[in-house]
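In our numbering, the protein residues as written are 277 to 604. Think of the CB as a built atom: it goes at the ideal place given N, C-alpha and C, for glycine as much as any other residue. Reviewing the structure listed below.
The structure is reproduced here in structure tokens:
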């Protein structure tokens with residue numbers, strides 16, 4: 277009992293030290309930076325420590341046993357949907373938006389190694405909206421590689437908006453390009469108003485549309501490489517003389533959950549109170565590859581999420597492998 281109490285005290289002390297350190301930094305920067313940093317830190321810590329229990333689904337599958345409210349599973353080999361749950365319903369995509377952001381950016385980058393600056397407006401949006409961050413600060417010199425990986429892996433608000441401004445002159449211009457691409461891909465239930473997925477009533481999509489988007493995007497080898505990367509080391513910056521380590525918000529969960537029979541190869545996550553928890557992944561069962569879209573998994577506390585989008589993904593993969601009924 278005494279040892280357990282000491283462990284709790286140690287954890288509490290570490291958190292207290294972190295908070296005091298961030299508060300000290302905040303004196304130099306701003307309160308929103310404190311809030312954003314604490315948000316990003318505790319969301320990661322509280323949502324990644326405990327092992328996940330993957331439920332076993334029984335045949336025939338009852339859709340209510342999957343917590344996510346909107347689901348699509350798509351076989352890339354046969355080009356067909358193999359499971360759907362409210363797939364055409366309009367939903368809020370949160371940071372899943374950044375799949376389109378990166379795809380459109382790839383259409384307009386001529387030199388991935390070109391150095392640009394983190395835009396002040398982009399960084400201010402991060403602070404004002406308490407968005408997720410890749411870790412860069414205003415005016416940092418970064419390459420387009422840094423911006424792409426920061427957007428996809430870490431879901432950076434500052435990187436996604438910098439991409440938009442640097443490549444098209446404004447966020448509004450870039451959003452027009454995103455909507456044009458959505459129309460090209462026949463994404464009939466999709467409309468974008470920003471590049472980062474922060475909540476807006478007029479910013480929406482569907483799991484069916486997201487499958488169409490990712491199916492197209494994965495045909496771009498640069499996109500696929502970024503999408504399936506677990507960790508990336510950025511260029512050096514004033515703040516990070518050895519570069520910034522950027523880790524996938526999806527693949528940091530998968531090492532202990534993947535099996536020899538099935539697993540996740542890459543993905544993008546997203547969460548807002550309005551969108552619920554979202555996970556869009558490239559997955560494999562044997563030799564077959566699938567796009568699995570889990571959207572709108574409810575939760576009550578953004579700082580200690582239930583992670584149903586993850587357990588739903590693996591439960592469905594396990595079910596599909598076990599019964600061998602959805603693979604064509």
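Does residue i pass the burial test, meaning 16 or more other C-beta atoms within 10 Å, or should it be called exposed?
i	result
residue 485	buried
residue 411	buried
residue 577	exposed
residue 396	exposed
residue 510	buried
residue 328	exposed
residue 338	exposed
Would you report the Cα separation of residue i and residue j, rounded to the nearest angstrom?
i	j	result
residue 333	residue 524	28 Å
residue 432	residue 407	8 Å
residue 520	residue 536	32 Å
residue 594	residue 438	39 Å
residue 600	residue 517	50 Å
residue 355	residue 445	37 Å
residue 436	residue 394	10 Å
residue 442	residue 392	8 Å
residue 490	residue 567	8 Å
residue 287	residue 326	Because residue 287 carries a pLDDT of 43, less than 50, the predicted location of this residue cannot be relied on, and no value is offered for it.
residue 504	residue 494	10 Å
Taking DSSP as the reference, what is the three-state secondary structure of residue i?
i	result
residue 461	coil
residue 444	helix
residue 473	coil
residue 541	strand
residue 576	coil
residue 305	Reliability fails at residue 305, whose pLDDT of 39 lies under 50, so the model's placement of it is uncertain and the value that follows must be treated cautiously. Looking at residue 305 - three-state DSSP - the assignment turns out to be coil, as it is neither helix nor strand.
residue 564	strand
residue 522	strand
residue 320	Summary for residue 320: the model assigns pLDDT 42, below 50, so the residue's position carries little reliability; its value from the coordinates is reported in the next sentence. The answer is helix: DSSP assigns residue 320 an H, G or I state.
residue 591	helix
residue 467	strand
residue 310	Per-residue confidence for residue 310 stands at a pLDDT of 38, beneath the threshold of 50, marking its modelled position as unreliable; the derived number appears in the next sentence. Residue 310 falls in the helix class under three-state DSSP.
residue 505	coil
Among the options, which residue has its Cα nearest to the Cα of residue i?
i	options	result
residue 464	360, 364, 588, 559	364
Using a Cβ-Cβ distance under 8 Å, would residue i count as near chain D?
i	result
residue 376	The structure shown contains no chain D; it holds only a single protein chain.
Next on the checklist: When you compare the stretch 451-461 with the stretch 376-386, are there three or more beta-carbon pairs, one atom per stretch, that lie closer than 8 Å?
Outcome noted: yes
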